[in-house]
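Colleague: In order, the protein sequence lines correspond to chains X and D.
Read in our numbering, the first sequence has 123 at position 123, and its numbers run on one by one without any break.
So the number in our numbering is just where the residue sits in the second sequence, counting from 1, plus 291.
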Amino acid sequence: MIAFLIQTLRIATPYLFAAAGGIISERAGIIALTLEGFMLTGAFCAALGSYYTGSPWIGILAGAAGGLLAALLHALATIRYRADQVVVGIAMNLLAVGVTRFFLRLAFDSSSNSPRIPGFGGGQVRSGVLSSLANPLVWFGILCMFAVGWVLYRTPFGLRVRAAGEKPEAALSVGVPVRRVRWLAVAVSGASAALAGAYLALDQHQFTDGMTAGRGFIALAAVIFGKWDPKRVTIACLLFAAAETMQIRLQSLQLVPSQFVEMIPYVLTIVALAGVVGRAVQPAALGKAVD
Amino acid sequence: MTSPPIDRPASDRAARVRVALEESILPPLVALVIAAVVGDVLIIVFGQSPGDVYRQLLEGTWGNAYGFGQVIYKATTLTFTGLAVALGIRAGLFNIGAESQLASGGFLAALIGLAMPPGTPALLAVPACVVAAAVGGGVVGAVPGALKARFGASEVIVTIMLNFVVLALLNFIVATHIHVSETLHTPEIHAGALPRLAAVLPMFSGSAANTTFLLALATAAAVWWYLFGTRPGYELRAVGLQPDAAEYGGVRVGRVWARTMLLSGVLAGLGGLNYVLGYKHYYEEGFGTGSGFLGIAVALVGRNHPVGVVIAALLFATLSQGALAVNALVPKQMVDVLTAVVIIAVATAVPEVRRALAAARSSGIGNRESGIDGSRGRSDSRFPIPDSPS
Chain X
1 MIAFLIQTLR IATPYLFAAA GGIISERAGI IALTLEGFML TGAFCAALGS YYTGSPWIGI
61 LAGAAGGLLA ALLHALATIR YRADQVVVGI AMNLLAVGVT RFFLRLAFDS SSNSPRIPGF
121 GGGQVRSGVL SSLANPLVWF GILCMFAVGW VLYRTPFGLR VRAAGEKPEA ALSVGVPVRR
181 VRWLAVAVSG ASAALAGAYL ALDQHQFTDG MTAGRGFIAL AAVIFGKWDP KRVTIACLLF
241 AAAETMQIRL QSLQLVPSQF VEMIPYVLTI VALAGVVGRA VQPAALGKAV D
Chain D
292 MTSPPIDRPA SDRAARVRVA LEESILPPLV ALVIAAVVGD VLIIVFGQSP GDVYRQLLEG
352 TWGNAYGFGQ VIYKATTLTF TGLAVALGIR AGLFNIGAES QLASGGFLAA LIGLAMPPGT
412 PALLAVPACV VAAAVGGGVV GAVPGALKAR FGASEVIVTI MLNFVVLALL NFIVATHIHV
472 SETLHTPEIH AGALPRLAAV LPMFSGSAAN TTFLLALATA AAVWWYLFGT RPGYELRAVG
532 LQPDAAEYGG VRVGRVWART MLLSGVLAGL GGLNYVLGYK HYYEEGFGTG SGFLGIAVAL
592 VGRNHPVGVV IAALLFATLS QGALAVNALV PKQMVDVLTA VVIIAVATAV PEVRRALAAA
652 RSSGIGNRES GIDGSRGRSD SRFPIPDSPS
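1) Quick check: Val19 of chain X and Ala219 of chain X, are their CB atoms within less than 7 Å of each other?
2) Ordered along the chain, which non-local residues of its own chain (more than five positions away) have a Cβ less than 7 Å from that of Val223 of chain X?
3) Measuring only the C-alpha atoms, how far is Val181 of chain X from Ser173 of chain X?
4) Just confirm the distance between the C-beta atoms of Gly563 of chain D and Gly579 of chain D, as a whole number of angstroms; I'd bet it's less than 8 Å.
5) Just to confirm my understanding: we take Leu384 of chain D, look at its own chain, exclude 5 residues before and 5 after, and list those with CB closer than 7 Å. What are they?
6) Excluding the five sequence neighbours on either side, which residues of its own chain have a C-beta within less than 6 Å of the C-beta of Asn93 of chain X, listed in chain order?
7) Report the CB separation of Ser391 of chain D from Leu458 of chain D in whole angstroms; it is logged as a contact under 8 Å.
8) Which residues bound the alpha helix (DSSP H) around Gly404 of chain D?
9) What is the DSSP secondary structure of Tyr372 of chain D, reduced to helix, strand or coil?
10) Check whether the region 189-209 of chain X and the region 102-115 of chain X touch, using three or more Cβ-Cβ pairs below 8 Å as the test.
11) Classify Lys231 of chain X: buried if its beta carbon has 16 or more other beta carbons within 10 angstroms, exposed otherwise.
12) Tell me the DSSP secondary structure of Thr580 of chain D in three-state form.
13) Closer than 6 Å by C-beta to Pro412 of chain D: which residues in its own chain qualify, once you throw out the five before and the five after it? Chain order, please.
14) Can you find at least 3 beta carbon pairs, one from the region 356-365 of chain D and one from the region 497-513 of chain D, that sit closer than 8 Å?
15) Less than 7 Å between the beta carbons of Ala389 of chain D and Thr372 of chain D, yes or no?
16) Spell out whether any CB of chain D is found under 7 Å from the CB atom of Ile90 of chain X.
17) For His470 of chain D, name the three-state secondary structure that DSSP assigns.
18) Tell me where the alpha helix (DSSP H) around Ser611 of chain D begins and ends.
19) Taking the CB atoms as reference points, tell me whether Val344 of chain D and Val617 of chain D lie closer together than 7 Å.
20) Which residue's Cα is closest to the Cα of Leu268 of chain X: X:Met246, X:Leu286, X:Leu239?
21) Is the CB of Leu273 of chain X under 7 Å away from at least one CB in chain D?
22) Give me, in chain order, the residues of the same chain whose beta-carbon lies closer than 7 Å to that of Phe203 of chain X; leave out the 5 immediate sequence neighbours on both sides.
23) Do Val88 of chain X and Ala77 of chain X have their beta-carbon atoms positioned less than 7 Å apart in this structure?
24) Taking buried to mean at least 16 other C-beta atoms within 10 Å of its own C-beta, is Arg162 of chain X buried or exposed?
25) Would you give the residue range spanned by the alpha helix (DSSP H) that Glu26 of chain X belongs to?
26) Could you tell me if Met39 of chain X is buried or exposed, where buried requires 16 or more neighbouring beta carbons within 10 angstroms of its beta carbon?
27) In the structure shown, what three-state DSSP assignment does Thr234 of chain X receive?
28) Looking only at C-alpha atoms, which of X:Leu273, X:Val176, X:Pro14, X:Leu152 sits nearest to Gly226 of chain X?
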């Protein structure tokens, strides 16, 4: 049971980081289709940083910096130049795939993975429970969600973020610098999603091509399924992770084909959007550009 | 400011054509120049000379019949997915599900091809497979359309989520029921296979180009006719430009959304024929990976016009085949980067170019009447989510 919970937490960690970023970005009115790309960038930069300095902590910083950089590019196109958020979002994901592959070959002369990088937990073969808890990012992941909830509902900045995503015209008219708020929100979401990627790379002690494998979209699914509210999104992340854990643990029994477990987050999201059980309504100004 | 230019229809029309041309051709050109610069930088970073790489890229694609055949083959799939995305954008919808609609179309075509007895006349078998592909893609496209029309669910999110669901489902069916052991593909279809271009023009021998390319061109023509020559096409464009105005004018917007997503899915589904009927003659897991997303780039660079889509499909097919030709010099992944840069640049350049042109005209440089500006500003907002100036 304890092992089950810990494994669930481990699988949920990247979802928590990425979904936290997704909440901030979407509540500010910028569609978070880019989480996957930010994650992948973060994973690669973390691997680079950790490999060249030998310190996983620097890896984490490098990962966050990489995600931040990608997010700034996204903000430049969508906020400064008011390009369509969906188009640029999709392109940012393609860009992340291409750039990481290109530099993987440039830096490590490989088309599949980086060499082994220093991570947390002393480097012994994963001894289950202990090694995963040695990774500080597991704890940060949970804190991250609390932090987002606190910022969003308890601080002036959070109020501005919500205003920017719901009623940007009204916010502008009372002097809220909506564009600047959106810039900040996107930057935070990039760094946060990148930490999800950094966690993956440090947990597996290497970067592999396309290692995020759709997790950014599962995080987005969690954001929508959790109705853009940090508490509910946290539950959604844990729920999706628990389903995955269950599937891994019961693999040998062949009860449910793994493909059906994979579908759960996506199907639930579609159901939530269709409003069969408690309709998910997005922030009013999501996807709309602001002058 | 001034009276509408009713009295000068001829010059008005000429100006409008000029403006339309400027706006449809300039952004993609700007984007390609930016991509070329980024490409140069990447090539230099990798320690190669851009001139060599570009020369080899051209030689490996348009320089010989095999390479050109491969370009044609890749352009065929991209034409279908590009048309699918473009049709959606014309109606203000974003179909990101071309990826799974393509797979689903190919899968159903393969199923029907397998179900028919060997020796079924092509005249019967090919249309059956084409219809199957259309149904396969159409069903997957219809779901987000119906959800949008009925519940207002964002088609962007639903198509993305459906991609994962449909691909997982297809993988499951193939893996558990109909795969050839040790592989990820179905057995070869019994009937419905289309001839390769090499059968007619021997110089293409070895390349995957096949007669589906002609179907792609015919489909592009059909989409053109549908968009600009029919009443539903007119309604579709009206909804894309101004849903509220269209509704007020008597168009049932929800119905147009549902219909358009269905058709978009059909177009993407037909793309599956290129691989299943034209090339390998079986369905394989992940056969069209990336073509759906590339379709977005094709639609954007082609400015959502069927002719532009065909040209853009050839362009991206050249890049994708050329990447293989230069892989010895620079990583082929460079093309992924360039594709993304092109998309971002077009998306960014379109509103910018539009504004810059408008500013140039209104400041008297172009000395056109403001009436033209007014009509123009409306006629080209082809982007799905209008950037509401507020």
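Think of the CB as a built atom: it goes at the ideal place given N, C-alpha and C, for glycine as much as any other residue.
Modeller: To lay it out plainly:
1) Residue 19 of chain X is actually Ala in this sequence, not Val. It is a contact, given that the beta carbons lie within the stated cut-off.
2) In its chain, beyond the 5 residues on either side, Ala19, Gly22, Ile23, Glu26, Ala32, Val233 have a beta carbon closer than 7 Å to the beta carbon of Val223 of chain X.
3) Straight-line Cα distance between these residues: approximately 14 Å.
4) Contact flag correct, Cβ pair sits at about 7 Å.
5) In chain order, Glu446, Trp548, Thr551, Met552, Pro675 place their CB closer than 7 Å to the CB of Leu384 of chain D, counting only its own chain and leaving out the 5 sequence neighbours on each side.
6) Glu36, Gly37.
7) 5 Å between Cβ atoms; contact.
8) Where Gly404 of chain D is concerned, the enclosing alpha helix (DSSP H) stretches over 389-406.
9) In the sequence on display, residue 372 of chain D carries Thr and not Tyr. If DSSP states are grouped into helix, strand and coil, Thr372 of chain D belongs with the helices.
10) The region 189-209 of chain X vs the region 102-115 of chain X: in contact.
11) By the neighbour-count rule (16 or more Cβ atoms within 10 Å), Lys231 of chain X is not buried but exposed.
12) The three-state reading of DSSP puts Thr580 of chain D in coil, since its state is none of H, G, I, E or B.
13) The beta carbon of Pro412 of chain D sits closer than 6 Å to none of the beta carbons in its chain outside the five residues before and after it.
14) The region 356-365 of chain D makes contact with the region 497-513 of chain D; the number of CB pairs closer than 8 Å reaches 3 or more.
15) Yes, these two residues count as a Cβ contact at 7 Å.
16) It does: the Cβ of Ile90 of chain X has a partner Cβ on chain D nearer than 7 Å.
17) DSSP places His470 of chain D in the coil class of the three-state scheme, outside both helix and strand.
18) Note, Ser611 of chain D: alpha helix (DSSP H), 597-616.
19) Less than 7 Å divides the Cβ of Val344 of chain D from the Cβ of Val617 of chain D.
20) Ranking the options by Cα distance to Leu268 of chain X, first place goes to X:Leu239.
21) For Leu273 of chain X, the answer is yes, since a Cβ of chain D falls inside 7 Å of its Cβ.
22) Note on residue identity: the sequence assigns Asp, not Phe, to residue 203 of chain X. The answer, listed in chain order, is Gly119, Asn135.
23) The answer is yes: Cβ separation under 7 Å.
24) Arg162 of chain X is buried by the Cβ-count criterion.
25) For Glu26 of chain X, the uninterrupted alpha helix (DSSP H) segment begins and ends at 2-27.
26) Classification for Met39 of chain X: buried.
27) Looking at Thr234 of chain X - three-state DSSP - the assignment turns out to be helix.
28) When only C-alpha atoms are compared, the closest one is X:Leu273.
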